[in-house]
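Top line first, the protein sequences correspond to chains P and X.
Per this note's numbering: the first sequence = residues 1 to 252.
Per this note's numbering: the second sequence = residues 1 to 726.
Worksheet: the structure to be examined is printed underneath.
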Amino acid sequence: MTVDLNKLHAVGAIAEAAEGKWGMVIDMDLCTGCQACVAACAMENNIPYVEEEDAGYGRSMHWIRTERFWEGEYPEVKISGYQPMLCQQCGKAPCEPVCPAFATVHSQAEQLNLQVYNRCVGTRYCANNCPYQVRSFNWRDYQDSRVRPEITILANQFNPDVTVRRRGVMEKCTFCIQRIHKAQDKAKSEGREVEDGEFTTACAQACPANAITFGRIDHPESLVSQLARSPRAEHHLEELGTLPRVTYLKEG
Amino acid sequence: MSKQISRRDFLKLATAGAATTAVLTGCGPTSRFVDREPYLKMPEYTYNGMSTYYATTCRECAAACGLVVRTMQGRAIKVEGNANHPVNLGKTCARGQATLQGLYNPDRVENPVKQARGAQLSQETLDWNAAIQIVSDALQNTDPSEIAFLMGMAPDHLFDLVSDLANAIGAPAPVRFGALGMFEARATLSKAAENLFGKVSMPFFDLENADVVVSFGANFLETWLSPVAFTRGFAKMRRGNPERRGYFVQFEPRMSQTASKADEWIPLRPGTESLVALALGRLIAEARGGAVPAAFASIDPLTVASDAGLKLETLERLAQTLVNAHHPLVIPGGAALGQGNGLAAAESVLALNALLGNFGLPGGVFVSPLAPAQDAYHRPASAKEMADFIAKMKSGGVKVLFIHGVNPVFEMPKQFGFAEALASVPQVISFATFPDETALAADYILPDHHGLESWGYQRAVVSAKPVLSGAQPVVTPYFNTRATADVFLAAAALAGGKFAAALPFADEVAFIQSKLAGLVGEEGFFAAPEINSFTAYFQQYGGWWTNDPSLATPSAASAIAKRFTPAAAEFTGEGEFFFLPFVSPTLGEAGANKPWLQELADPTTTVMWNTWVEMNPETAHELGIENDDVVQIVSEAGGVEAPVYLYPAIRPDVIAMPFGQGHTAYGRFAAGRGVNPADVLGVHFNEAGDLAFAGMKVEVKKTGKKKILSRLESRIGVYGEGLEKE
């Protein structure tokens with residue numbers, strides 16, 4: 001099925017690649033900032049915790065975080081909407097052209113930004129170039145039981161579908177690509193296409209407010225496409241021309 | 001029958017029916033679990049690369065959300081919500097997600113130990129037979145009136161079992177307690193419902209169908225009663241109806257996470273919630289015309305506005321909004337009830353709802369139904385009841401104390417003296433999974449399984465449908481632990497006589513089945529003709545609930561007619577600042593032992609891994625205090641030291657602190673981290689016997705020390721800290 005992606009504010013690379021399938025819509029009017037998505041993401045993707053000191057240096061490795069901005073001064077102060085920020089899976093990603101090792105590349109099949117851990121040499125140029133600040137770097141061997149003895153038992157919980165990253169490697173949100181692949185494999189074995197709503201990402205699955213919707217942005221009737229056409233829709237830092245695949249719905 | 005029978009076989013046999021009796025009586029508890037085995041010898045239904053999913057119940061708080069846990073080769077991999085479960089409809093909170101880090105945690109109690117009240121977890125391990133002998137001796141050799149059971153908040157199967165035991169041998173009924181209940185003043189809410197509705201019950205607020213919601217301190221998006229259910233209700237209230245967007249107003253001295261989602265946050269003076277609710281009632285009655293009902297007759301809105309530090313126009317505008325609303329709803333909770341006049345606040349808000357005429361209507365107030373297999377609503381103990389319990393311990397009235405699922409040495413304010421009272425109890429037996437402060441002060445720790453390794457059921461406290469949530473082990477027990485229910489059953493059998501007669505069950509599952517038997521044949525999410533198929537479905541679907549809601553409508557007449565003597569709350573202490581402790585939205589009461597919960601940023605401050613003191617930037621400026629300056633909070637009860645976070649959305653005369661850190665034990669991730677604000681709380685109650693935890697005034701003293709808080713937000717922050725000042 002093809003769709004006029006120009007209606008989704010998409011031009012250039014995304015519009016040409018109509019097989020780009022996956023998109024996300026986040027309703028900031030519903031997000032309560034509760035951190036369920038952050039915890040779910042960490043549990044699904046084997047994300048390490050960095051402990052207090054490293055967290056203070058800004059080394060915490062949340063692939064998704066809820067940003068909040070104060071507006072005004074007491075008593076007219078408010079939080080201008082919680083804004084879950086994750087890799088926007090840009091159509092024209094600033095992180096991609098700067099990698100000297102081709103570790104962050106664009107997937108033709110899914111139209112996602114990939115991070116190839118075993119190519120990454122840790123220049124951190126991509127993180128430097130990401131306007132959304134969603135890439136996180138492994139400053140230490142956080143998941144190595146020789147460094148952290150407690151990992152021996154905590155590792156029982158690790159998701160076997162997701163690689164454990166080592167020191168010196170950059171990582172970021174993958175749109176739960178292991179779940180995408182699992183659904184694709186299943187659909188292929190049954191001789192059909194992956195249906196919208198057949199699976200979802202860990203963050204969207206957990207969200208108690210149903211603020212996160214994930215699905216096939218190439219199907220005009222899918223829930224995620226319908227929401228993306230909302231008059232409240234906006235893209236973050238759209239003026240940079242990054243063509244983000246995550247749409248935010250404003251409050252109000 | 002040998003212990004080789006696997007959990008799958010057990011279920012199949014249980015479903016088959018005929019062989020069940022032999023299975024249930026013939027094997028010990030350990031045979032109910034899937035064993036981790038070498039890859040070459042895979043258990044049935046377990047294939048390399050394939051996951052198996054088990055439905056169970058979340059035990060991180062007492063809300064009873066349904067989980068489906070993904071397991072692989074005998075390991076629990078991921079927690080997901082149970083989409084059929086009426087409480088959470090497939091969703092989870094952060095604490096539920098992180099429950100796996102409690103299961104696979106390096107600091108669990110691995111064996112039964114003779115703790116002997118040491119400072120560290122004892123290494124003197126016991127055999128389980130010896131442990132059961134100890135429990136049996138304690139039951140037999142003590143006068144039943146001097147045996148006490150202290151349990152956690154959840155109304156679960158273990159509470160039923162212990163209640164049955166206590167009842168049969170003539171011991172006092174078990175006491176349930178938890179810091180969450182204390183910090184949301186749960187007893188006050190049910191007492192207000194009892195006073196106005198004439199029945200002990202938990203009110204039910206139909207958030208999702210309301211169009212204008214006014215909350216007095218209820219932090220329902222964080223930890224209040226059943227946060228996942230309320231968050232769903234909030235989302236539906238906001239955006240569920242395409243015709244309109246729900247409007248939400250929160251009265252609270254500090255902008256909590258919940259208040260941060262409000263369209264209007266109104267920082268009223270602490271202790272004036274009851275007055276403001278009554279004033280709103282009067283303004284609404286006047287706006288509608290006609291007589292002002294008795295409840296609101298004696299209040300003067302202008303005085304109230306000035307007492308509460310608000311503008312009269314704000315109240316008038318809000319009253320008009322409520323009059324115009326189709327489905328207005330007002331919710332009382334949190335710190336509004338945790339004050340000297342907390343009961344009046346709860347009653348005023350219920351009366352306001354009665355005036356708005358929303359009782360029994362969509363988006364209104366109802367009375368929660370009893371859960372399946374429940375005789376009456378048993379609320380957790382209030383702080384006053386705990387104080388009585390402690391007094392009994394101190395006077396030597398308790399010879400044997402069994403503690404399960406609660407950590408009062410940490411959770412209760414120090415002033416209650418729980419730790420000292422423990423010293424007066426000759427024998428303390430803890431069933432803690434973690435070496436928490438209370439467990440270390442016990443004579444023996446006989447560790448229970450983690451919730452994901454356990455059988456059971458639990459009643460949902462807040463639900464339109466009566467829900468009995470089912471729990472089953474999703475993995476084999478990782479350590480040498482044993483279900484507390486099985487320990488009591490074995491001990492009772494060993495003791496014989498009235499003990500064995502009280503609990504004539506082969507094991508925990510037999511006990512659970514005896515309680516489920518009454519539901520066989522009932523119409524519900526599933527129906528089964530006999531107990532064994534019922535139990536199998538109960539495990540498969542994660543519980544049993546009715547198809548339709550069975551909410552009752554309270555009578556509005558007595559609520560409107562109640563005559564209030566309106567007065568602002570009295571505050572204790574000499575200090576300059578109102579003190580507002582709140583439960584950390586990310587840690588809850590018992591999350592500090594899980595590293596990923598520590599690593600989560602607090603929603604409003606983004607602080608991780610520590611405790612902070614929230615202070616208005618203007619106030620701090622006047623006192624010469626900056627971000628990360630360590631201050632001492634001093635009250636009549638004592639003092640604690642913590643770094644300041646300049647919080648833009650708090651009244652200048654209020655300081656707030658999160659509860660959840662400050663452990664001295666409870667594992668490596670919790671111990672020695674942050675401080676416990678309960679340490680500065682004094683022993684003052686409201687009329688319902690709840691702790692007036694927000695009814696104190698404290699002093700703030702500078703210490704000259706600095707402690708840099710780890711925050712997710714930029715250090716440049718909102719105030720340009722670190723930037724060149726011009």
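Backbone N, C-alpha and C define an ideal beta-carbon position, used for all residues, glycine too.
The closest CA to that of residue 99 of chain X, considering only X:115, X:713, X:109 and X:76, is found on X:76.
For residue 234 of chain P, the pairing in a beta bridge is given by DSSP as P:248. Contact with chain X is found for residue 65 of chain P, since one of that chain's Cβ atoms lies less than 8 Å from the residue's Cβ.
Exclusion of the five residues before and after residue 207 of chain P leaves 36 and 37 as the residues of its chain whose Cβ lies within less than 7 Å of its Cβ. For the 8 Å CB-CB criterion, residue 113 of chain X and residue 121 of chain X form a contact.
Using a Cβ distance threshold of 8 Å, residue 243 of chain P and residue 92 of chain P count as a contacting pair. Three or more pairs of CB atoms, one per stretch, sit closer than 8 Å, so the segment 656 to 676 of chain X contacts the segment 406 to 419 of chain X.
Straight-line measurement puts the Cα of residue 311 of chain X at about 14 Å from the Cα of residue 264 of chain X. Listed in chain order, the non-local C-beta contacts of residue 192 of chain X below 7 Å within the same chain comprise 343, 346, 347 and 350, local neighbours out to five positions each way being set aside. Interface annotation, residue 596 of chain X: in contact with chain P, CB-CB separation under 8 Å. Along the length of the segment 138 to 202 of chain X, whole alpha helix (DSSP H) runs at least 4 residues long occupy 157 to 169, 179 to 183 and 186 to 197, reported in chain order. Under a 10 Å Cβ-count criterion, residue 576 of chain X is classified as exposed, with fewer than 16 other Cβ atoms of the shown protein chains found around its own Cβ. Taking a contact to require three or more Cβ pairs closer than 8 Å, the segment 577 to 594 of chain X and the segment 244 to 260 of chain X qualify as touching. Residue state for residue 192 of chain P is assigned as coil, using DSSP reduced to three classes. When rounded, the separation of the alpha-carbon atoms in residue 521 of chain X and residue 533 of chain X is 11 Å.
Secondary structure of residue 252 of chain X (DSSP, three-state): coil. Here the alpha carbon of residue 507 of chain X sits roughly 38 Å from the alpha carbon of residue 366 of chain X. When the Cα atoms are used, residue 401 of chain X and residue 465 of chain X turn out to be separated by approximately 36 Å. Here DSSP, grouped into helix, strand and coil, assigns residue 516 of chain X to helix.
Think of a sphere of 7 Å around the beta carbon of residue 231 of chain X: the chain P residues whose beta carbon falls inside it are 32, 34, 208 and 209, in chain order. Judged by DSSP in its simplified three-state form, residue 471 of chain X adopts strand. DSSP, reduced to helix, strand and coil, places residue 339 of chain X outside both helices and strands of the structure shown, so it counts as coil.
Residues of chain P with a Cβ closer than 9 Å to the Cβ of residue 468 of chain X do not exist; the shortest Cβ-Cβ separation is about 22 Å. Taking residue 225 of chain X as the centre and dropping the five residues before and after it, the same chain places the C-beta of 462 closer than 6 Å to its C-beta, in chain order. With contacts defined as CB atoms closer than 8 Å, residue 560 of chain X and residue 294 of chain X qualify as a contacting pair. Spatial neighbours of residue 82 of chain P in its own chain (CB-CB distance under 8 Å, excluding positions within 5 residues in sequence) are listed in chain order as 28, 31, 32, 33, 66, 67 and 68.
Check the Cα spacing between residue 63 of chain P and each of P:139, P:105 and P:48: the tightest is with P:48. Secondary structure remark: continuous beta strand (DSSP E) runs of at least 3 residues inside the segment 571 to 641 of chain X, in chain order: 577 to 583, 613 to 615 and 629 to 635. The Cβ atoms of residue 124 of chain P and residue 85 of chain P lie no closer than 8 Å to each other.
Looking at the DSSP output, residue 78 of chain X sits in a beta bridge with X:70. The beta carbons of residue 511 of chain X and residue 161 of chain X sit about 6 Å from each other, so the pair counts as a contact at 8 Å. The segment 162 to 177 of chain X and the segment 427 to 444 of chain X do not touch, with fewer than 3 CB-CB distances between them shorter than 8 Å. DSSP places residue 181 of chain P within a helical segment (H, G or I) once states are collapsed to three. Looking at the backbone, the Cα of residue 140 of chain P and that of residue 205 of chain P are separated by about 30 Å. Around residue 604 of chain X, the beta-carbon contacts reaching into chain P at under 8 Å are 33, 68 and 79. Here residue 198 of chain X is near residue 558 of chain X, since their CB atoms are less than 8 Å apart.
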